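As structure tokens, the structure follows; a few thoughts come after it.
In our numbering, the protein residues as written are 23 to 143.
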């Protein structure tokens, strides 16, 4: 393995290691099972704009739509390397990548916020 392959392998391992650690403990991908992983770190996402905001949760590929003035918590569970989230902002869309591979989206009261396309919008 040359130096370039070692660097690429290290990058891949950094991404995959949290999945290997968390997956056996998760059981399933339900809202409740993910919460059982513990170590919650919430990230408040609030739409202060005048239009709907699309929230993409990765690596699940789930989309959520926030109405103007609406706010949710994206909460990462389990373990991760370095930081629990990465975010990417585009026009009318925010992508949140849970680096632990396990996250939930809930309203301010802690209830599951349903994913769904534009039918919520």
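Where a beta carbon is used, it is the ideal one built from N, C-alpha and C, also for glycine. From a predicted model like this one, the values you see are computed outputs, not experimental measurements.
Query: Taking the Cβ atom as the reference point for each residue, do residue 29 and residue 86 lie within a distance shorter than 8 Å?; Result: no
Query: What is the C-beta distance between residue 135 and residue 118, in whole angstroms, given that I count them as a contact (C-beta under 8 Å)?; Result: 13 Å between Cβ atoms; not a contact.
Query: Please give me, in chain order, every unbroken run of the beta strand (DSSP E) with length at least 3 that falls completely inside the stretch 42 to 129.; Result: 63 to 68, 75 to 80, 84 to 88, 93 to 98, 107 to 112, 115 to 120 and 125 to 128
Query: Measure the C-alpha to C-alpha separation of residue 44 and residue 50 and round it to an integer number of angstroms.; Result: 11 Å
Query: For residue 125 and residue 97, I'd like the C-alpha separation in whole angstroms.; Result: 5 Å
Query: Of all the options 100, 102, 88 and 55, which has the alpha carbon lying nearest to the alpha carbon of residue 66?; Result: 88
Query: Comparing alpha-carbon positions, which option in 123, 113 and 36 lies nearest residue 62?; Result: 123
Query: If distances are taken between C-alpha atoms only, which option among 138, 36 and 121 comes closest to residue 81?; Result: 121
Query: Answer with buried or exposed for residue 25, where buried requires no fewer than 16 other C-beta atoms within 10 angstroms of its C-beta.; Result: exposed
Query: Please state if the CB of residue 93 and the CB of residue 76 are separated by a distance shorter than 8 Å.; Result: no
Query: Tell me the rounded alpha-carbon separation between residue 91 and residue 131.; Result: 15 Å
Query: I'd like the list of long-range same chain contacts for residue 143, defined as Cβ closer than 8 Å, with 5 residues on each side in sequence excluded.; Result: Confidence in residue 143 is poor, its pLDDT being 48 and thus under 50, which makes the residue's placement unreliable; the coordinate value appears in the next sentence. If we look at residue 143 and ignore the five residues flanking it on each side, its Cβ neighbours are 74, 87 and 89.
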